[in-house]
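Worksheet for the structure shown next.
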Amino acid sequence: MSTSPEYATFHFHALHHADQPLLLPNAWDVASAVALAGAGYAAIGTTSLGVAAAHGYQDGRGLAETRDATLALALRLNGRLSCPYTVDIEGGFGGGPGEVADLAARLADAGAAGLNLEDGLPGGEGLQDPARQAELISAVKERAPGLFLNARIDTHWLVDTPPPLSDALARAETYLAAGADGVFVPGVVADEDVSVLAAEVPAPLNILFAPGRHTVSRLAELGVHRISTGSLLFRTALQATLGAADAIRTGQPLPEVSGAGGEVMGYAEVQRLMGE
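Per my numbering, the sequence shown starts with residue 1350, numbered consecutively.
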């Protein structure tokens, strides 16, 4: 396919309206992104946890250092991939509408076809006010209208007792009215909940793949348009690295790569490591 920025953006939008869901693997550096693109995936995303942790920082803290690393990765990917790519920018790294819009414009200039913008506040301190989040979304779409803006709703992410789905649906309505192109609700796992979201959200629905709970074919049946792996690939790579190193130390055969069904380092464990 053509790799011109205009075509990549058009193609990325179209992938959200195809007969089958867009399976989006998330990379954390140039090597992983190039490898995944070379494996034939239709598009590549980045993982904020992977990018932050690879540079020694915790995810979701709104750090300027993580913002700079994220932008640097996007710049390095420009012209390197045979498919479109989209960038996870946490909640805008603590910036106001103008700053987040500037970042979006720089990502578009770097060749990105989309971005992921979450409404979770830095450090897990609750959720952004929906009206405030709508201001960020509107500012981004005004400055970089071609980018596919995936509005991530964190009502069900890393919470012990999720609220009613109506909370996520209300936020989705607000964000779509502000110009978002798609809606992402990580943490929603049950088929019945996914089905409700797919039926009620009038835009492409993105679901975070849950190992052992989801299959691509089942999510397709439920009406999902986009399936993200999030930090799963990065955490799997970390776990495989530990397994290989331990096998060498103990004189055992190198283990086979476990894949998503095997033991994988948890999100919280990566966060803990980066906090040391």
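The beta-carbon is built from N, C-alpha and C at its ideal position, and this holds for glycine as well.
Taking all protein chains shown into account, decide if Leu1456 is buried (16 or more other Cβ within 10 angstroms of its Cβ) or exposed.
Sequence index remark: in the sequence shown, residue 1456 carries index 107 (1-based). Within a 10 Å sphere around the beta-carbon of Leu1456 sit 16 or more other beta-carbons, which makes this residue buried.
Please work out which residues of its chain come closer than 7 Å, Cβ to Cβ, to Glu1467, disregarding the five sequence neighbours upstream and downstream, and give them in chain order.
For the purposes of this step, residue 1467 is identified with residue 118 of the sequence shown, where counting begins at 1. Residues Glu1439, Gly1440, Arg1501 and Asp1503 of the same chain have their beta carbon placed closer than 7 Å to that of Glu1467, with the five preceding and five following residues left out of the count.
Answer yes or no: do Thr1358 and Phe1533 have a C-beta to C-beta separation smaller than 9 Å?
As a position in the sequence shown, residue 1358 is number 9, starting the count at 1. As a position in the sequence shown, residue 1533 is number 184, starting the count at 1. Cβ atoms of Thr1358 and Phe1533: not closer than 9 Å.
Terminal residues of the continuous alpha helix (DSSP H) containing Tyr1356?
Mapped onto the sequence shown, residue 1356 falls at position 7. For Tyr1356, the enclosing alpha helix (DSSP H) starts and ends at Pro1354 to Leu1364.
Alpha carbon to alpha carbon, how far is Val1436 from Ala1376? Give it in angstroms, no decimals.
Within the sequence shown, the letter at position 27 stands for residue 1376. Within the sequence shown, the letter at position 87 stands for residue 1436. Approximately 10 Å, taken between the alpha carbons.
Along the chain, where does the beta strand (DSSP E) that runs through Tyr1434 open and close?
Within the sequence shown, the letter at position 85 stands for residue 1434. Boundaries of the beta strand (DSSP E) around Tyr1434: Tyr1434 to Asp1437.
Going by C-alpha to C-alpha distance, which of Leu1371, His1360 and Pro1354 sits closest to Leu1568?
Looking up residue 1568 in the sequence shown gives position 219. Ranked by how close their Cα comes to the Cα of Leu1568, the residues Leu1371, His1360 and Pro1354 have Leu1371 in first place.
For Glu1618 and Ala1594, the rounded distance between their alpha carbons
By one-based count along the sequence shown, residue 1594 stands at place 245. By one-based count along the sequence shown, residue 1618 stands at place 269. About 18 Å.
Count the other CB atoms, across all protein chains shown, that sit within 10 Å of the CB of Leu1364; report buried if there are 16 or more and exposed otherwise.
What you label residue 1364 is simply residue 15 of the sequence shown in a count that begins at 1. Buried, because 16 or more other Cβ atoms sit within 10 Å of the Cβ of Leu1364.
Within a Cβ cutoff of 7 Å, which residues of the same chain sit near Leu1470, ignoring the five residues on either side of it in sequence?
Translated into positions along the sequence shown, residue 1470 becomes position 121. Cβ contact annotation for Leu1470 (same chain, cutoff 7 Å, sequence separation greater than five): Gly1440, Leu1476 and Gln1477, in chain order.
On a CA-only basis, which of Gly1579, Arg1416 and Ala1450 is nearest Thr1396? Give me that one, please.
Taking the sequence shown and counting its residues from 1, the one referred to as residue 1396 is at position 47. Shortest Cα-Cα distance from Thr1396 to any of Gly1579, Arg1416 and Ala1450 involves Gly1579.
The region 1441–1452 contacting the region 1400–1409, beta-carbon criterion three pairs below 8 Å:
Taking a contact to require three or more Cβ pairs closer than 8 Å, the region 1441–1452 and the region 1400–1409 do not qualify as touching.
Using the three-state DSSP reduction, which class does Ser1431 fall into: helix, strand or coil?
The count along the sequence shown starts at 1 and reaches residue 1431 at position 82. In this structure, Ser1431 counts as coil in the three-state DSSP scheme.
Would you call Val1508 buried or exposed, if buried means 16 or more other Cβ atoms sit within 10 Å of its Cβ?
Start at 1 with the first residue of the sequence shown, and residue 1508 comes out as number 159. Answer is exposed; the Cβ neighbour count stays below 16.
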